[in-house]
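Residue numbers (the working numbering): 1123 to 1202.
Idealized CB from N, CA, C, for every residue including glycine.
#1: Return the bridge partner residues of residue 1160 from the DSSP annotation.
#2: Measure the alpha-carbon distance for residue 1134 versus residue 1145 and round it to whole angstroms.
#3: Enumerate in chain order the residues of its own chain whose CB-to-CB distance from residue 1124 is below 6 Å, with the five nearest sequence positions on each side excluded.
#4: Which of helix, strand or coil does DSSP assign to residue 1138?
#5: According to DSSP, is residue 1131 helix, strand or coil?
This is the structure in structure tokens:
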């Protein structure tokens, strides 16, 4: 099943004032997964379709049939 990968810009704004939550969303059909980052192991394509957005209003996303791996949240580096 083709997956769409996109960024939740509303969560980015909420992260400024509350607890940090993942902003990368992977959608497969009705299933949503939230991630800190993902790696796509195969071909993908970037889609911009403002005239036909996804059901939640997203107009730009990455589509792929490849395996998608979740990446861990990166930790900020601390200077010594």
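Judging by the given coordinates:
#1: BP columns for residue 1160 point to 1192.
#2: Each residue's CA atom was taken as its position, placing residue 1134 and residue 1145 some 6 Å apart.
#3: If we look at residue 1124 and ignore the five residues flanking it on each side, its Cβ neighbours are 1185, 1187.
#4: In the three-state reduction of the DSSP assignment, residue 1138 falls in the coil class.
#5: Residue state, collapsed to three classes: helix.
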